Each structure stands twice: as structure tokens, then as C-alpha cells.
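Just add 1491 to wherever you are in the sequence shown, counting from 1, and you've got this note's numbering. As C-alpha cells, the structure follows; a few thoughts come after it.
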Amino acid sequence: MQTNYVSVSRSIPRSYAQSWRSCRFSLLIAVLTLAIIGPQFAPAATDWPTFGFDVQRTGENPFESTITPSTVGGLHQLWNFDLGAVTIMQPVLATGVVVNGAKFDLVYMGAEHGDLYAIDVVSGVQVWHRNLGSQKTECADIPDEIFGVTGSPALDTANNRMFVAGGDGKLYALDLSTGATLPGWPVVITAHPDLEHVWSAITINNGIAYAATASYCDIRPYHGKVVAIDIATHQQVGSFFPAGKQIDGGGIWSSGGVSVDPATGNVFTATGNAFTDPESYRYSENVVELSSNLKVLGFNYPGLTGLDVDFGSTPVLYQPPGCPPMLAAKNKSGVLVTYERGQVSDGPTQRLQIADINDWEFNGDVAWSEKTHLLYISNSSDSSSSKTKHGLVALSVNANCRLGLAWQTPVGPNPGLVSSPTVAGGVVYYADGQGGEVLAFDAADGTPLWSSGTIEGGLFATPIVVNGRLYVGAWNGNLYAFGL
């Protein structure tokens, strides 16, 4: 540095040398300042710890700044990883996981032969693998009728562990770095894994892990339920049977399982039909608010048309400016219902026929953006009311806290099973099922921005977008990573 400085100062007039010395000193101070405090201003790496990003199941990553409406068109495939079987799981991701003394960002993904993988996000190479059991069934919802690890894990990165349901009907706590089972685990969720299956994500909040069960293709006998397990003691501290313990049915079919209000600790679920008359017996085909130990606080059957009209979605918790805390859930009959939290028993505040009443598809969860204040629905069919179309639908909130159509972009198969939406960086994404594409739209106005191109076998799993990458599982048994 000194040599370069002298050389430069000799080549310019003396009157400028003092100015250069002053400038050089200021530049040196600036460089040293950046070296010391610069990392504090760098974008922080973000975890995707649970289905829908948070326990409210909003589906929004509010920290994404790399993939935006202006850059999303540059996404291209980076790698794909063979999972060995089909998957409908939304992956989860942890940053800075220490493995053999080195730090890795790992994406965790399961598949229907019971396998769970930890994969390095940079190379797409396996770091560890576990098999958590599977069941051979007579249910053709999965091509070879084998069910394994279906629901997304929940990550507790502060304690370097995850909670995940195996195909053996047990809840595991695993070390994020190695996949080793932690002491005291697994804990039994269902004693009948040949009849009852965990379709849903695990939810953790305030030291409790929640898991929910349904069946295989409604094959009886089975009893849908939600269980609460104290993480510290490994003991069940609550249970909720929508149809009771004697009546079949009442399954929890949604990918998101239950949602939790962080302010109150209350738990929310939406349930399937019971095998009795009426099918809405007890708390079946209901939206239900529960205490943290699963005591019923409020419930409502919104009056549904048809038979076997399960709720295929988790209540998504949201609160528009100037409105009370709300929730929204979509039914298999294509109806979207909204409620005020704490007032569920008063009935829906609104009811909208979003898809065809005879659609029968499990449409997945809706998504809510705190940035746009829009509710997003990846819609599986044209509405019976002709107001909303298949594709992506965005609803805005008016002064009376009621939803109305903001915009819609018809696209994809009609009808067709689609994934839940994901919002990140001002872009909303969803997988369009048999069309085999991940589609991206401007979250503000619905302008189409990007497509993954067709992936063989179809895409039914909800993608995640985090730290400048998109990850999505495919029906062909692969996990795909896209980046800029």
C-alpha cells in the first residue's frame, strides 16, 4: 500500500498529494468499517422450518430478497435428487447445520417408501438418510400403494433437531446433523399404522408437538385424530377425535395439519367426514378451535353440499389491518369459509364458492401475504358461480374485513389437483399438478413471470422459496432445486 501510494503521489502535483493522503485515509477507514460491521447488513440466511413457513401456515417467506419479480425469470434447474419414491411433501430447510465440523445448509425431504433425506443445498448431495417405515396398502392414491413419510417435518433449529412422522405411525425426534434418533423417541402417534396415516405436517409450538391422522383412501376402520405430545417428557398431553373414538372417519387430510395462533397458543384444524348420518357428526366436516392441550373451544359446520365433503386444507391464520384475527379454510366442495378467531362457533363471517361444487379435489391451503395483504388460492377448477377461474386467484380485504376478487390468472389443467401457493419476494408460486409445472406470478397483480417447464410425472407438492432458491418435490420421485 505504501509503495503504491508513494508512486501515485510522485506522479501528481504536490497540491494534490495532501488531498490524496486524506482520501486514502478515509478509504482505509471505510474498508475497515465494512470489514467489521458489513456482515450485519448482509442478507441473513433464512430457515424454512415448517409447512407454510410458520405455524400460522401463511405460506409466505417475508425475508426473500434474491428472487423477485425482476429476477425470477432467470431461474433454472441446478440439480435434482432421486428420493426413490413419489412424494407430496413440502420440504423444509435449515441453514448453518454443523456436520463433522463444517457448516451446511440442508434441505430435508421425505418420500412414500419411508425414506427421509438430508441434502446439501449447494451440491444436491446426500448428507444422511433414514428409513422411518412404510405400509403396503390397498389404496391407489399412491402408484404402488406404499405410504411412508408424507407430512413435512418441523424443525427446532435452536436445539438442532427435527420432529417427523414415520410410516410406522410414530413421531421421531432426529438430530439435524446426523439423523440419529434422540433419547426418549420415537413416540407412538397411532397403534394402527396399517389403518391410520399421518398425511399432515408436524406442528411444534411452546414445547408441544402436534400430529394428525386420517386413513388410506377412507378404508375403514379408522379414527382420525390430533394428538399433542409434550416434547420434554415425551408424553401425550392431549387428543382430539373429530368423530369420537367409536365412529369411523373424522380424518385430518390437509398437508398443513393444524395451525397455531402464537399469541394465544390455540390450535386450529378442519376435519373430514364421519361414517354416519349425518357425515358432519360431532366435529366432523367442521372448522374447530382448540386449546393447546386440544380441548374444544369453538366449532362450526358451515353447511356443505354433497357427500364426503372433507376439508382438505388447514385453517390459515391472518389479520388484515384494521380487522380482528381471522382464519380461512377451503373445502373439497370448492367453498372457502372465513371465521373470526375466538368466535368460530358463531359461524363463518364469509362464504365464497371459489371452485366447482363437484370438483372433489383437495385444493390445499390458501396463502396470506403480510406485504400485499392479499389471500392467494391456487384454484383447481372454474367456480360454479362463474366468478373465479382455475389457476391463481387473489382476494383483497375491504373496509368491512370481507374478501373480494383482486385479480385472477386462469392457467393450468381444469379441473386438476394443484399444490398450495407459496409467496416470497413479491412473487407467488404454485405447482399445477398433472401439468407438471411450477408457475410464478407477480404477487401484486398476477402477471405470469416464469415456468419451470414440464417435469415428467406431475407436481403436487408445495414448493418452498428461500435464500435465492426454489425447491419442489415431484411425482416422479425427485426433488428439484432451481436457482438464478
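Beta carbons are placed, not taken as given, at the ideal position from N, Cα and C, and that holds for glycine. Since the structure is predicted, the reported quantities are computational estimates derived from the model, not experimental observations.
State yes or no: is the C-beta of residue i within less than 8 Å of the C-beta of residue j?
| i | j | result |
| --- | --- | --- |
| residue 1618 | residue 1654 | no |
| residue 1926 | residue 1907 | yes |
| residue 1758 | residue 1701 | yes |
| residue 1688 | residue 1973 | no |
| residue 1668 | residue 1588 | yes |
| residue 1935 | residue 1920 | no |
| residue 1681 | residue 1660 | yes |
| residue 1656 | residue 1642 | yes |
| residue 1884 | residue 1905 | no |
| residue 1550 | residue 1910 | no |
| residue 1703 | residue 1749 | yes |
| residue 1747 | residue 1691 | yes |
| residue 1762 | residue 1741 | yes |
| residue 1615 | residue 1640 | no |
Considering only residues of the same chain and omitting the five flanking positions on each side of residue i, which have a CB-CB separation below 7 Å?
| i | result |
| --- | --- |
| residue 1725 | 1675, 1676 and 1678 |
| residue 1738 | 1765, 1766, 1767 and 1772 |
| residue 1788 | 1757, 1780, 1781 and 1782 |
| residue 1969 | 1571, 1572, 1573 and 1574 |
| residue 1546 | 1694, 1696, 1750, 1751 and 1753 |
| residue 1810 | 1816 and 1817 |
Per DSSP, what are the beta-bridge partners of residue i in this structure?
| i | result |
| --- | --- |
| residue 1817 | 1809 and 1831 |
| residue 1654 | 1645 and 1664 |
| residue 1717 | 1703 and 1731 |
| residue 1697 | DSSP, once it has assigned bridges, lists no residue as partnering residue 1697. |
| residue 1901 | 1882 |
Tell me where the beta strand (DSSP E) around residue i begins and ends.
| i | result |
| --- | --- |
| residue 1962 | 1960-1964 |
| residue 1883 | 1882-1888 |
| residue 1640 | Taken as a continuous stretch (DSSP letters only), residue 1640 belongs to no beta strand (DSSP E), as it is neither H nor E. |
| residue 1942 | 1939-1942 |
| residue 2009 | Outside the modelled stretch of the chain, which goes from 1492 to 1975, sits residue 2009, for which no answer is possible. |
| residue 1597 | 1593-1601 |
| residue 1869 | 1865-1870 |
| residue 1930 | 1929-1933 |
| residue 1758 | 1758-1761 |
| residue 1608 | 1606-1611 |
| residue 1621 | 1617-1622 |
Give the single residue among the options whose Cα lies nearest to the Cα of residue i.
| i | options | result |
| --- | --- | --- |
| residue 1922 | 1955, 1573 and 1815 | 1955 |
| residue 1662 | 1634, 1608, 1628 and 1718 | 1718 |
| residue 1840 | 1778, 1900 and 1858 | 1778 |
| residue 1772 | 1643, 1952 and 1792 | 1792 |
| residue 1729 | 1699, 1704, 1812 and 1738 | 1699 |
| residue 1554 | 1939, 1860, 1887 and 1754 | 1860 |
| residue 1673 | 1837, 1834 and 1647 | 1647 |
| residue 1715 | 1722, 1731 and 1721 | 1731 |
| residue 1665 | 1938, 1635, 1608 and 1685 | 1608 |
Tell me which same chain residues have a C-beta within less than 8 Å of the C-beta of residue i, skipping the five on either side of it?
| i | result |
| --- | --- |
| residue 1800 | 1764, 1770, 1776, 1822, 1823 and 1824 |
| residue 1552 | 1537, 1539, 1544, 1913, 1914, 1915, 1916, 1955, 1956 and 1957 |
| residue 1708 | 1628, 1629, 1630, 1631 and 1632 |
| residue 1928 | 1903, 1922, 1942, 1943, 1944, 1945, 1946 and 1950 |
| residue 1978 | The chain is shown only over 1492 to 1975; residue 1978 falls outside these bounds and no answer can be derived. |
| residue 1517 | Confidence in residue 1517 is poor, its pLDDT being 36 and thus under 50, which makes the residue's placement unreliable; the coordinate value appears in the next sentence. Closer than 8 Å at the Cβ level, and outside the excluded window around residue 1517, lies no residue. |
In chain order, what residues of the same chain have a beta carbon less than 6 Å from the beta carbon of residue i, not counting five sequence neighbours either side?
| i | result |
| --- | --- |
| residue 1586 | 1536, 1538 and 1596 |
| residue 1962 | 1582, 1598, 1955 and 1972 |
| residue 1892 | 1814 |
| residue 1528 | The pLDDT assigned to residue 1528 is 38, lower than 50, so where the model puts this residue is not dependable, and the model offers no usable value. |
| residue 1967 | 1947 and 1948 |
| residue 1843 | 1827 |
| residue 1612 | 1596 and 1598 |
Is any non-hydrogen atom of the ligand MG found closer than 7 Å to the C-beta of residue i, if you look at the structure I gave you?
| i | result |
| --- | --- |
| residue 1880 | Absence of the ligand MG is noted for the structure shown, with no ligands found whatsoever. |
Do we get a CB-CB distance below 8 Å when we pair residue i with the residues of chain C?
| i | result |
| --- | --- |
| residue 1921 | No chain C appears in the structure shown, which is made up of a single protein chain. |
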